[in-house]
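Colleague: Numbers 12 to 998, taken from our numbering, label the letters of the sequence shown in order. I'd like to ask you about the structure that follows.
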Amino acid sequence: MSTAGQSNSLSPLVPVIPRAVTLAIVALTLAPFLAMALGMNLGVQMNLSSLEQLPLLSAQDRLNNLHLVMAGPQFHTLLEWSAIIAAVLTALLAFSQYNLSTNIAAPVIGLSLLCAASMDVFHSMVSSRLLDTVADSSVLAPFSWAAARTFNAMILLLGVSSLIFLKGRTNDENALSILLGIAGAFVILGYLVVQWCISTDQIPHTIYPDDLIKRPLDTIPLVIYIFCGAFVFPRFRKLYPSVFADALILSMLPAVAVEMHMVLGSSTLFDGHFFAAHLLKVLTYVVPFIGLLLDYYITYQKDRLKTAQLHQTYRELEERTLQLTRTNKGLERSNRYKSEFLASMSHELRTPLNSIIGFSRVLLKELGEEKAKRGVRAVEAITRNGTHLQGLMNNILDLSKMDAGRMSIHAELFSLGDVVQDVMSELLPAAEAKSLDFTLVSYARNLSITSDKTKLRQMLLNLGSNAIKYTHSGSVTLFVEQQKSGPLGKSVKFVVKDTGIGIAETEKNHLFTEFGRAEEVQKSGIEGTGLGLMITAKLASLLGGYIEFESTYGVGSEFRLFLPIGADVSEVNLVSEGHWDRKGFAIAYFGDSEGVETELEKLFIDEGVWVCAEKRLKVFFERCEELMPDVIFFECDRGGIDPLQLLRSMYERNLLADIPKVGVCGNKVLEKQVLMEGADLFQKKLDATPVLKEKLYRLGSRDISSVLVVGASPSHIAQLHNEFSGFGIEPEFVDSTALALEQLSNLIPDLLVINLGNLAVETTRLMVSLNNDEQSRRIPQVLYNGAGNQRKIVFSSEVQEEVRAITPSVIEIFAAAFTMRRRVKTSLMRIEALNRSLKQNEKQVMLEPLIEGVGDSDVADDVRILVVEDSPDSSELIDWILVDSNFKHDCVTSGRAALTKVLQINYSLILLDIHLPDLDGKEVARRLRATKRYKATPIVAITAGITQGEISELLSCGIDDVVTKPVDQEALVTAIKTHLPRAPALS
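Spelled out as C-alpha cells, the structure:
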C-alpha cells in the first residue's frame, strides 16, 4: 500500500497517494478513539421527562424535550445521507473514469458502492421511522445497520475478487457484462432482504450492552474488511495499479474502525460510539472518491504530457519532413542533371559514333575485299566496335528515360505474327553464323494485341540475341502462345529457350540489375553490356507485363515474357496530322462583327463546337484550308469586299467548293444575289437559336443521305430512326454481319454505324471484310461500344472514328462523321497545295516514288538539296554520299542559317538534322511549312535513337521521311530519290 514512505511530490506518471493525504486519513480514523479516550462524549443527550410530567410542563419545556428527543435521529440522518451522497458521487466518478481510461476496476467498485448506498438508504429510513414496518424500529434499526454493512462488505469482496479472477481470462467488455450480471444479482438480493425486514416481526436483537461484544452481527463485516485490506485489495492493486486501488486499501482503515466502534463500543442507539462509527463511514466512502479525483488528475497530467510529446514529435517530424523535402529536391535536381547529362552526352557520343560507322560503311563499299584485305578487316573492326558502342549508348539512354519516368508508351493494335516474323528474320543470320537451329513455334499467328509494337520487338530481340550469343551449339526456340487465364487475364506468353551455357545459382539474383553479367560470361570475352535483360524487364513492366526465367547451369535457359492482350485504349497515342485532333462540328466566320465566336459556341455549348473567326480575307482563306470547317459564314456587307466575288473565290478553291456557305446580312437585295451566286443559306443576323442550329447541322450533313446501322439495340434503333428522320435520312438497320455484308453488296451507304459491343454480331469478321473490300473500306465508319467497358475500341484507319457513348445520338454520330471528313480533306489539302506549287513553277511532278533500280539520270537536272547538319563529321559524310550520287547540294550548320539559305535558293529537298544548336529541327520544319515556297517541298529528317512515336511526331510537324543515324548510304539515296521529282522523259 502506498502510504508513508512516498514522497510529497506527485508525479504524473506514478500512481501514488500523497503522504499528507494518507496521514490525514489515518488521523481522522484515530480521532474518535482519542476523543473518547480523553473523555469527550460524541453521543446525543436525550433526558426526556416522563410522560406523566409532560402535561405539567410549560409549552417551551415540552418543545425543548421534543428537540432533545429528535436531535439524535436528525444527526444520524444527516450522517447517513452524507455517506450516501459520497457513495453516489464516487460511483458516478468511477463510471466517468471508465469512459476516460477504459479501466474496468473503477465501474465495478462504483457498482459496489451504489449497492451499499442503497442499503444505507434503507437503514436511514428505518432509523428515521419513515418506513411502515411490522417490527419495532428500535430493534430493526440496529439490525438494518448490520445488514447494510455486511451487504456492503460482501459485494465489495465479491466485486474485487471477480476482477482478480477474470484478469487475463476475458476482455474488458465480457468482464463488464459478467460483473453487471453479478451486480444485478446483488440488487435483487438486497431488495429481498429489505422486503423481509419490512414485512416480518422476527427481527433478532443485535445489541447486547452488558457483553464484551456489544453487536455480534457487526463482526461479520469487520472480518471481511480486515481480510480485504490484508489480502484481497493488495492483490487487486498488483493487477490494477492506480491511485484508486491505493485508496481502496486505505479506505479499509476507517471501515475497520467503523466496525470496531460498533462491535466493542456502541451499546445503544445514538451513543458516542454510534456517531463515531457513522462519521467514519462517511470517511470510508470519501477515501475512494479522493482516490478517483487523484486518478483524474494523474490521467490529465498523462494526457497533457502525451500531448506535449505528440507536439514535440510533430515538430520533429515536420522538421524531418522539411529536411527530407530539401534532400528530395536535391535528389531530383541530381537526377535531372544526370538525365540531362546522359541525354546530352548520348548525343555528343552518338555524333562521332555515327560518323565512325557511316564513314566505315562508305569505306567498305569503296575498298571492296579484293582491293585491300587488311584495310577491309580494319574498317570492319571499326564498324563492329562502333556499332557495339552505339548499342551501349542506346541502352544507357533507355535506362535514363525509364528512371526519369520519361519513357513514353505508344500503344497500337497490331498483328503479333508480323512482329515475330520480323524478329526471326533479324536474328536468323546470327544463328546461322553459329550453326544453331533457330525455330519458331507459334500458336498465335492470327492474334492481334494492343501494345507498343516497337518495344515488344526490342524485348524479343534482346531475349533472342542473348540466347544466340550464349549458345555455342544446339538450338534456340521461340514459342508464342495465348494465355486465357493467369495474373494478367488474357495474355500472350513468349518463351525463348536455348541450350546454352546456363546461369549459375549464385548469379541469378544479379541477372536483372545494371551491368549484371555472370562472372563466367565476363571471363569468356563474349561481348555485352549487361543492360539488355534489365531494360527488357523494365519495358515489360511499363507494358503491364512481367518476365520470369529458369536456368540450369551447363544445360540452358528459358526466359518467359508475359504481356496483356488488350491495353486501355484511352492510353493509345494516336498520330495527330494537321488538325485531326479537332473533332466535331467546325465553323469558320469571315467578318468584322464582335462576339461571333461566343454566340456560336453558346449555340453549340453541349456539342463542344469550335469556331474560327477572321477579319483578313487572305488569312481567312488560309485558315479555312488549314482547319477544314464544316460550315463557312461570311458577312455580305463587309466594306471593300464584294460578296459575289468572295463566293466565286471560294468555289475556285477545290477544298472549299463543297463546304456549305452561309451569308449574313440584313439587305434583301443582297440576299437574292448571294443565293443565286451559290450560297446555301442566308441569315439576316446571327442569332444563337435552336432553329439556326438545326439548319447548320442539316447543311453539314447534306452529303449523308444513306446510313447503315449494324447491331443497335431495339431502344437505340427507335431513337436513331426518329432522329435521322428529323434530318430527312432514312437509315437501314441490320442485326448481323451476314445481313450487313449483303446490304453493302447491293448499296454503298454514305455512313456506316457499328456497335462493337453487340456480342451477337461478329464484329471482327465484319471489320476484316470491310478492310479487305476496296469499296467498303472507304466508307466512313462510326464505331461505338454498346456494352460499355466490356470491349475495347481502337482506331485502325482514317475512315474510322469512335464515339464514346453506349447509345450515341445522331448529333454525336454526325460529329464523328465530320471529324472523318476533315481528316480526309486534310490529306487532300496537301495534294492540293503541292499541285498549286507545281503550277506556279510550271513543272510536271510525278507523285509516285521511284521504283527500285532507277538511275541517277531519272532525277531532274535542276534539283538542289540543302543539308542542315551541325556536326562537321556527319555533314562531311552526307557530303560524300551526295557527291558520289551526283546530287547538287549546299550545307549549313544551324537552323537559322537554313531559314536564311532557303530565301536565297529554291531547294528541291531538305535534309534536316533534328538536334540543332539554335532552333530545333521540328521548329525549322514548321516555319518552312508556313511559307508558300516550301509548303510542299520534301523534308527528310536525319536523327539518331528515335522511336516510332517520335517518328510519328516528326511526320505531324510536316516532315515527309526519316533517315536514322548512323547514316546508311543506300537508305539515304533511296529516301532522296523517293521524294525528288523525276527528270522529264526523252521524246
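Using N, Cα and C, we set each Cβ at its ideal position, and we do this for glycine too.
How would you call L920, buried or exposed, if buried means at least 16 neighbouring beta carbons within 10 angstroms?
Modeller: Label assigned to L920: buried.
Colleague: Near P153, what residues of its chain come up, given a Cβ to Cβ distance below 6 Å and the 5 sequence neighbours on each side ignored?
Modeller: Taken in chain order, the residues that qualify are T217 and I218.
Colleague: Measure the alpha-carbon distance for C126 versus M273 and round it to whole angstroms.
Modeller: Roughly 21 Å separates the two Cα atoms.
Colleague: Just to check my reading of the structure: I120 and L264 have Cβ atoms closer than 8 Å, yes? What is that Cβ distance to the nearest angstrom?
Modeller: Wrong, their Cβ atoms sit about 17 Å apart, outside the cutoff.
Colleague: Does R649 come out as helix, strand or coil in the three-state DSSP assignment?
Modeller: Looking at R649 - three-state DSSP - the assignment turns out to be coil, as it is neither helix nor strand.
Colleague: Assuming G283 contacts G54 (C-beta within less than 8 Å), just tell me the rounded distance between them.
Modeller: Their Cβ separation, rounded to whole angstroms, is 4 Å, which keeps G283 and G54 in contact under 8 Å.
Colleague: Going by DSSP in three states, A117 sits in which element: helix, strand or coil?
Modeller: Helix.
Colleague: Pick helix, strand or coil for S459, following the three-state DSSP scheme.
Modeller: Residue state, collapsed to three classes: strand.
Colleague: In the DSSP output, what is Q792 paired with across the bridge?
Modeller: BP columns for Q792 point to L763 and Q811.
Colleague: Which two residues bound the contiguous alpha helix (DSSP H) that contains L686?
Modeller: Element bounds for L686: K679 to E688.
Colleague: Look up E981 in the DSSP assignment and say whether it is helix, strand or coil.
Modeller: Three-state DSSP puts E981 in a helix.
Colleague: Which first and last residues belong to the alpha helix (DSSP H) in which S886 is found?
Modeller: Its alpha helix (DSSP H) spans residues P883 to D895.
Colleague: Output the residue ranges of the beta strand (DSSP E) runs that lie fully inside the region 887–949 and measure 3 residues or longer, sorted by chain position.
Modeller: Listed in chain order, the complete beta strand (DSSP E) runs (minimum 3 residues) inside the region 887–949 are 900–903 and 920–924.
Colleague: Distance check for S716 and G739, CA to CA, integer angstroms please.
Modeller: The alpha-carbon atoms of G739 and S716 are separated by roughly 8 Å.
Colleague: Using 8 Å as the threshold, is the region 229–249 in touch with the region 39–52, meaning 3 or more CB pairs across them?
Modeller: No, the region 229–249 is not in contact with the region 39–52.
Colleague: Name, in chain order, the residues that DSSP records as bridge partners for K508.
Modeller: In DSSP, K508 forms a bridge with T488 and E569.
Colleague: Quick one: measure Cβ to Cβ for P299 and A258, integer angstroms, because I've assumed they're closer than 8 Å.
Modeller: With a Cβ gap of about 5 Å, P299 and A258 count as contacting.
Colleague: In or out: Y325 buried (at least 16 other Cβ within 10 Å) or exposed?
Modeller: Label assigned to Y325: exposed.
Colleague: So, with DSSP's three-state summary, where would you put Q494?
Modeller: Looking at Q494 - three-state DSSP - the assignment turns out to be strand.
Colleague: Should N782 go down as buried or exposed, given a rule of 16 or more other Cβ atoms within 10 Å for buried?
Modeller: Its Cβ having fewer than 16 others within 10 Å, N782 is exposed.
Colleague: Using a threshold of 9 Å, state whether the C-beta atoms of G674 and E646 are closer than that.
Modeller: Yes, Cβ-Cβ distance for G674 and E646 is below 9 Å.
Colleague: Would you say the beta carbon of E964 is closer than 8 Å to some non-hydrogen atom of the ligand PLP?
Modeller: Ligands in the displayed structure: none, and consequently the ligand PLP is not present.
Colleague: In its own chain, which residues sit with a C-beta less than 7 Å from the C-beta of S123, not counting the 5 before and 5 after it?
Modeller: Result list for S123: I166, L167 and G170, in chain order.
Colleague: Between the region 84–102 and the region 127–137, are three or more C-beta pairs nearer than 8 Å?
Modeller: Yes, since at least three Cβ pairs between the region 84–102 and the region 127–137 fall closer than 8 Å, the two stretches touch.
Colleague: Can you check which of these residues, P575, I576, G577 and E559, is closest to E569 by C-alpha distance?
Modeller: Nearest option by C-alpha distance: E559.
Colleague: Using only alpha-carbon positions, find the residue among Y945, I576 and M470 that is nearest to S426.
Modeller: Cα-wise, what sits closest to S426 is I576.
Colleague: Round the Cβ separation of V1036 and T295 to the nearest angstrom and send it over; I've been treating them as touching at under 8 Å.
Modeller: Residue 1036 is absent from the structure shown; the chain starts at 12 and stops at 998.
Colleague: DSSP three-state call for A578: helix, strand or coil?
Modeller: Reliability of the predicted coordinates at A578 is poor, the pLDDT of 44 falling under 50, and no value is obtained from them.
Colleague: Given P654, which residues of its chain have a CB within under 6 Å of its CB, disregarding the five upstream and five downstream residues?
Modeller: The answer, listed in chain order, is C647 and V685.
Colleague: Measure from the alpha carbon of S462 to the alpha carbon of each residue in K480, N733 and L553, then state which is nearest.
Modeller: Ranking the options by Cα distance to S462, first place goes to L553.
Colleague: Would F242 be called buried (16 or more neighbouring beta carbons within 10 Å of its own) or exposed?
Modeller: With fewer than 16 Cβ atoms within 10 Å of its Cβ, F242 is classed as exposed.
Colleague: Give me, in chain order, the residues of the same chain whose beta-carbon lies closer than 6 Å to that of G555; leave out the 5 immediate sequence neighbours on both sides.
Modeller: Excluding sequence neighbours, G555 sits near P575.
Colleague: According to the Cβ coordinates, are L999 and V506 closer than 9 Å?
Modeller: Residue 999 lies beyond the range of the chain shown here (12 to 998); nothing can be said about it.
Colleague: Identify the residues that DSSP records as bridge partners of S562: which are they?
Modeller: For S562, which the question treats as bridged, DSSP gives the partners S568.
Colleague: What is the residue span of the alpha helix (DSSP H) that M735 lies within?
Modeller: According to the sequence shown, residue 735 is Phe rather than Met. Unbroken alpha helix (DSSP H) run through F735: P725 to G737.
Colleague: Using a Cβ-Cβ cutoff of less than 6 Å, which residues in the same chain neighbour A986 once the five nearest sequence positions on both sides are dropped?
Modeller: For A986, where only same-chain residues beyond five positions count, the Cβ hits under 6 Å are V951, D972 and V974.
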